[in-house]
Amino acid sequence: MARISKYFDVKKDAYGREYMEVYFDGIALLRLVMTNKGTAFTPEERVNLGLDGLLPPQVNTMDQQLARVYGGFRREPTPIAKYQYLRALQERNEILYYALLNRHLGEMLPIVYTPTVGEAVQQFNFLYQSARGVSFSPANIDRAQSVLASFPWEDVRMIVATDSSAILGIGDQGYGGLAIPIGKLALYTAGGGVSPFHTMPAVLDVGTDRADLIEDPFYLGVRQRRLRGDAYFDFFDKFVDAVKSSCPRAVIQWEDLSKEAAFSVLDRYRKVIPSFNDDIQGTGAVTLAGVVAACRLRGERLRDQSVVIHGAGAGGVGVAWAICQGMLREGLTEDEALARIFVLDSKGLLAKDRPMEEYKRKFAQDPGKIAAWKRAGAVPTLLETLENARATVLLGLSGQPRAFSEPVIKAMAANTPRPVIFALSNPTSACEALPEEILSLTQGRALVATGSPFAPVELDGKTFPIGQGNNAFIFPGLGFGTILSDAREITDGMVLAAAYALVDYTAEKHLDKGLIYPPVEELQEVSTRVAIAVIRAAFKDGVARSEKVDSGNAEAYVKARFWQPKYLPFIRG
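For the sequence shown, the working numbering assigns the number 906 to the last residue and increments by one with no breaks.
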């Protein structure tokens, strides 16, 4: 096995007990985030490692440290202040940071991830304090391999990479998009069991088209317009080539690429290096899981639904693909499934006689089949589509706040006794409708989920929990399962296995309580199930290369390798 870092390594003694072998001492141990135990260094370690007198006299347990830092977190007055507090802790003592996340995941996930991370991206230039991850730009992309050689971890297994062109629902954020890979990888570790010693956030800074950023004296990224066309893909080719050479066992999660680039990048590299696009495949899988769970709650099948998807970006088309795959699984032909899926972009319903980007075309309706629809204009609107298609499922991925107006919600309520309405756009400010509006206008009959967290809704003496269709239920387990199976490719079968593992978990644990997604506090349990299913799918699809795991021992293998934060004894190397 490759060494973790030139600064330290984790080894086992003759009895199988882990310890950390460090290759430096003194104040440097307190400055490297992975080797800083702070007040938890024992008296013997302080003497042996040159720390004597550099720390307070009291030796604390991790529990004592956690009580101290949690109190500090609770004292911060705003979500963005809490975010910055946690990031400062991560840059000071990463083991303690993950122990804190694990203990308070439900409370802290909205801070390190959506919705607060969106605000952190927007304020990145002002919040920046210390370096994390790797930055590629036109200035250094020709030295990509040496850039990776500078990274402190020598056995990288999971990379989250963004070009920051389509961050959540807030668009082009330039270099500030680096906050997204940092947040995603926190969930890979806290929720998905991937050791932080093997992760790397990466920003592919190909420029920004926002003049306000380019002209901002505090902007940290390259001051140029975004690369396009051949120059853009040449940049990505150099990045992927360097990763294949320097990190041969790494998996790449593409994150927040523009809809124009997302599908091209996925198709270009998915067979070159194990990789997936969370906005397309992760969003598709988690939405499919929620819709299938909602159908089970209603005693119905997915194949019998009429599904309207409002939004035809990477997420919307990814959801259309996943819903289609789910209907195929239940016995429909592809043509039958596509006839039940109606996708709208900013101009209205996709139909084959309309000009559109190529990636949307598969999900465009046959004009002949909608010719008799009642409509005011040439292209059916959202409301007209709902009424004519007799929609039973409405999924919002438009990034347009309040796009689900009162007439839209009432139309869904008129179509079916228990309409499925998911307002999935992030952050909260981009949500298509508030849960209380949907429930009030449907007299509590709707099955509701959102992309960002919302409190339960009280209506007519009843409490309605609001499920969060959070990609974190999919991507950590998908990535972990890919790593452990050493898959050479992430297949569609692996993505769908992740979705149905989430469905089965929800059905087993929560469906009888009316929940269509689990609480985020159960993220580790969900990720374990997902990783097991992904490993089995990798072997079924013939892409797994590991000889240490197979379908039979996948469960034990995942649980044994699920990383947990703990302090190890230190020995000077």
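The beta carbon of each residue, even a glycine, is placed where N, CA and C say it ideally should be.
| Item | Value |
| --- | --- |
| Integer-rounded CB distance, given that Met-745 should sit under 8 Å from Leu-728 | So it is not a contact: roughly 11 Å between Cβ atoms. |
| Rounded distance between the beta-carbons of Ala-724 and Val-640, thought under 8 Å | 7 Å |
| Of the listed residues Phe-530, Glu-667, Val-859, Gln-455, nearest to Asn-803 (C-alpha basis) | Val-859 |
| Beta-bridge pairing of Met-533 - partner residues as DSSP gives them | Ile-492 |
| Length-filtered (4 minimum) alpha helix (DSSP H) runs lying within the stretch 586 to 640 | 592 to 602, 616 to 631 |
| Cutoff 7 Å; reference Val-652; Cβ partners in own chain excluding five residues on either side | Thr-616, Gly-617, Thr-620, Ile-642, Leu-728, Leu-730 |
| The beta strand (DSSP E) enclosing Ser-468, as first and last residue numbers | 467 to 469 |
| Beta-carbon separation (whole angstroms), Glu-427 vs Met-367, contact threshold 8 Å | 5 Å |
| Leu-537 vs Phe-469 beta-carbon contact at 8 Å | yes |
| Host beta strand (DSSP E) of Lys-795 (start-end) | 795 to 797 |
| Under the three-state DSSP convention, the category Glu-880 falls into | coil |
| Residue closest to Asp-496, alpha-carbon to alpha-carbon, out of Glu-548, Asn-458, Thr-522, Val-555 | Val-555 |
| Within the stretch 396 to 454, ranges of the alpha helix (DSSP H) (whole runs, at least 4 residues) | 412 to 423, 427 to 436, 438 to 445 |
| Where Met-367 falls: helix, strand or coil (DSSP) | coil |
| Residues bridged to Trp-486 [DSSP beta-bridge criterion] | Ser-338 |
| CA-to-CA distance, Trp-896 to Lys-339, given in whole angstroms | 21 Å |
| Secondary structure of Asp-291, DSSP reduced to three states | Missing from the structure shown is residue 291; the chain here goes from 334 to 906 and no further. |
| Nearest-angstrom Cα separation, counted from Asp-678 out to Glu-690 | 11 Å |
| Within 8 Å, strictly: CB atoms of Ser-773 and Cys-764 | no |
| Boundaries (first-last residue) of the beta strand (DSSP E) holding Tyr-352 | 351 to 355 |
| 8 Å Cβ cutoff met for Met-533 and Val-573 | no |
| Residue interval of the alpha helix (DSSP H) (run including Gly-913) | Since the first residue of the chain shown is 334 and the last is 906, residue 913 is not available in this structure. |
| Nearest to Leu-422 (by Cα), restricted to the options Leu-665, Gly-371, Arg-631 | Gly-371 |
| Terminal residues of the beta strand (DSSP E) in which Leu-856 lies | Note, Leu-856: premise wrong, no beta strand (DSSP E); alpha helix (DSSP H) at 856 to 873. |
| Extent of the continuous alpha helix (DSSP H) to which Glu-770 belongs | 768 to 774 |
| Spatially closest choice to Met-441 from Gly-516, Leu-901, Pro-760, Gly-847, by CA coordinates | Gly-516 |
| Arg-894 - containing beta strand (DSSP E), residue span | Looking at the DSSP string, Arg-894 is not in any beta strand (DSSP E); the run it does join, the alpha helix (DSSP H), is 887 to 894. |
| Supposed contact pair Ser-498 and Ala-564 - C-beta distance, whole angstroms, cut 8 Å | Contact flag wrong, Cβ pair sits at about 14 Å. |
| Contact set for Gly-659: own chain, Cβ-Cβ below 7 Å, skip 5 residues either direction | Leu-621, Val-625, Leu-635 |
| Cβ neighbours of Val-853 in the same chain (closer than 6 Å, five flanking residues each side left out) | Gly-439, Leu-442 |
| Contact belief for Asp-612 with Gly-562 at Cβ below 8 Å, rounded distance in angstroms | That pair is no contact at about 21 Å. |
| Ranges of the beta strand (DSSP E) found wholly within the stretch 529 to 581, counting only runs of at least 3 | 532 to 537 |
| Proximity winner among Cys-657, Ala-756, Val-343, relative to Gly-732 (alpha-carbon distances) | Ala-756 |
| Nearest-angstrom beta carbon gap, Tyr-356 and Pro-902 [assumed within contact, 8 Å] | Contact flag wrong, Cβ pair sits at about 16 Å. |
| Residue(s) in a DSSP beta bridge with Gln-698 | Ala-684 |
| Lys-592, buried or exposed, once every other Cβ within 10 Å from all chains shown has been counted against 16 | buried |
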